[in-house]
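First residue of the sequence shown: 1, per the UniProt record's numbering; consecutive thereafter. Glycine included, C-beta positions come from ideal geometry on N, C-alpha and C. Just so it is clear, the structure is predicted and the values come from calculations on it, not from any experiment.
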Amino acid sequence: MNPRAPQLRRLALVVLAVLLLGGGSLGYVLHARHRDRPAGAADGSFTLDEPGLYYRDSATGRVARHSATGGPPATGGPACERFYAAGEHALCLRGLPGIPARTQALVLDRHLREVKRVTVPGIPNRARVSASGNVLSWTAFAIGDSYATTGFSTRTSLLDLRTGYLIKSMEEIPLTIDGTRYHAPDVNYWGVTFARDDNRFYATVSTKGRTHLVEGDLHDWSAKALRENVECPSLSPDNTRIAFKKKVSEDPSAPWRLYVLDLADLREHPLAETRSVDDQAAWLDDDTVAYALPGREGRAGDIWSVPADGTGEPRLRIAGASSPAATN
1 MNPRAPQLRR LALVVLAVLL LGGGSLGYVL HARHRDRPAG AADGSFTLDE
51 PGLYYRDSAT GRVARHSATG GPPATGGPAC ERFYAAGEHA LCLRGLPGIP
101 ARTQALVLDR HLREVKRVTV PGIPNRARVS ASGNVLSWTA FAIGDSYATT
151 GFSTRTSLLD LRTGYLIKSM EEIPLTIDGT RYHAPDVNYW GVTFARDDNR
201 FYATVSTKGR THLVEGDLHD WSAKALRENV ECPSLSPDNT RIAFKKKVSE
251 DPSAPWRLYV LDLADLREHP LAETRSVDDQ AAWLDDDTVA YALPGREGRA
301 GDIWSVPADG TGEPRLRIAG ASSPAATN
């Protein structure tokens with residue numbers, strides 16, 4: 001018998017114990033890292049650094065990306081019901097479980113890590129970020145789930161990341177209609193869109209059964225109506241035109257059509273998309289507007305695009321998707 005056998009056995013047991021403990025520690029670290037990542041957060045490799053068309057994938061409920069250079073879509077973005085990204089930040093809206101309905105607005109950095117979260121009443125509906133990423137806005141339905149119904153109520157919030165100033169509901173902004181300061185208990189705002197200066201913005205205001213396009217000033221905290229029958233405005237990258245949905249029918253199943261408004265003279269023209277669009281359109285560039293349409297026969301909706309000058313025809317961009325946001 002080898003006189004060193006007991007010592008070798010003890011050494012083997014010690015080595016085995018170290019390996020087991022080390023493996024257990026590694027497993028614990030990996031588990032802890034997984035546990036520390038919030039539910040629905042983006043994978044670490046999915047960021048806003050690559051230009052492309054970001055969108056919500058209907059099959060997974062997560063944000064994905066079609067690269068500007070082609071290739072298969074990138075997956076692994078955060079779980080959102082509404083999404084938008086521009087500049088240095090993204091905005092992800094999620095509906096929280098329970099009654100009454102609540103919306104959680106998550107502000108994310110370019111690596112899609114959480115910067116701030118805000119919870120407001122209602123159902124997630126619209127999300128927008130200024131070109132710099134400094135100013136964000138979101139809208140939630142407080143009652144009902146469609147602009148086509150009567151009696152709905154919205155809550156639109158604004159957040160300025162430069163100052164940290166948060167306005168949970170902008171209904172009290174001083175409003176001027178037809179040159180007169182306007183007051184009414186039924187005023188509702190939705191669909192904010194921002195100019196490049198991070199000060200001027202446009203939005204829809206509804207009151208007395210009519211909708212108005214308003215131009216707002218963050219610094220002066222004021223808004224004035226420019227014209228009627230404009231919903232869900234979206235300002236072009238060159239800040240000269242607004243894509244919007246215009247009510248053209250009393251048929252609740254197809255009330256709207258997409259238009260573009262020239263801010264210089266307030267003239268408008270319809271786009272080649274003749275189907276009813278209930279979405280806040282997003283500009284892919286100065287010449288192209290994208291939007292989501294519901295699918296048929298229970299299928300998830302799709303993202304389409306159309307030329308902004310009224311020519312051409314609709315083009316299917318991404319099947320089973322919504323919330324388009326182009327970045328470069």
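Output yes or no for whether 8 Å exceeds the beta carbon distance between N188 and L218.
no
DSSP three-state call for E172: helix, strand or coil?
helix
Which residue comes first and which comes last in the beta strand (DSSP E) that contains C232?
C232 -> beta strand (DSSP E) spans E231 to L235.
Euclidean distance between Cα positions of P97 and T180:
42 Å
Exposure of A184, with buried meaning 16 or more beta-carbon neighbours within 10 Å:
exposed
Does DSSP put residue 330 in a helix, a strand or coil?
Here the chain has residues from 1 to 328 only, and residue 330 is not among them.
Closest by CA to E171, which one among A225, V205, D279 and A127?
V205
Tell me the DSSP bridge mates of D57?
Answer is A321, bridged to D57.
Only counting the same chain, and skipping five residues up and downstream in sequence, which positions put a Cβ closer than 8 Å to that of L266?
L226 and R227
Going by Cα to Cα distance, which pick from K246, A290, E50 and R56 is closest to G320?
R56
Under the three-state DSSP convention, the category H219 falls into:
Coil.
Give me the Cα-Cα distance between T211 and E231, rounded to the nearest whole angstrom.
Going from the Cα of T211 to the Cα of E231 covers about 7 Å.
Where P307 sits in the DSSP three-state scheme:
strand
Return the residue from the list Q104, L213 and V63 that minimises the CA-CA distance to I177.
I177 has its Cα closest to that of L213, out of Q104, L213 and V63.
Length of the line joining the Cα atoms of T60 and S323:
14 Å
Could you check what DSSP says for I123 in three-state terms: helix, strand or coil?
strand
Taking only the alpha-carbon atoms, compute the straight-line gap between V260 and A308 and give it to the nearest angstrom.
7 Å
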